[in-house]
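Peer 1: Before anything else, here's the structure in question.
In our numbering, the protein residues as written are 8 to 79.
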């Protein structure tokens, strides 16, 4: 489908960007900042003071996150 192909090319161009340019892209549309404590089961995982991934508190000992967020 040529329309889908053109849209996909445009979308990929936004995601990939140009060589040497830092990519900043968000899939959140029309969102707003959450106030501190409004989602108490959500956590952020940091490495060297940089946000790496998010996670969800399962209980006092476990946080669920994606596998690529942690080292082996």
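We put the beta carbon where it would ideally sit given N, CA and C, even for glycine.
#1: Would you please state the rounded distance, in angstroms, between the beta carbons of residue 61 and residue 51? I believe it to be under 8 Å.
#2: Suppose you measure from the CA of residue 74 to the CA of residue 41; what does that come to, to the nearest Å?
#3: How many angstroms separate the CA atom of residue 46 from the CA atom of residue 65?
#4: Using DSSP bridges, identify the partner residues of residue 52.
Peer 2: The short version:
#1: 6 Å
#2: 25 Å
#3: 13 Å
#4: 60
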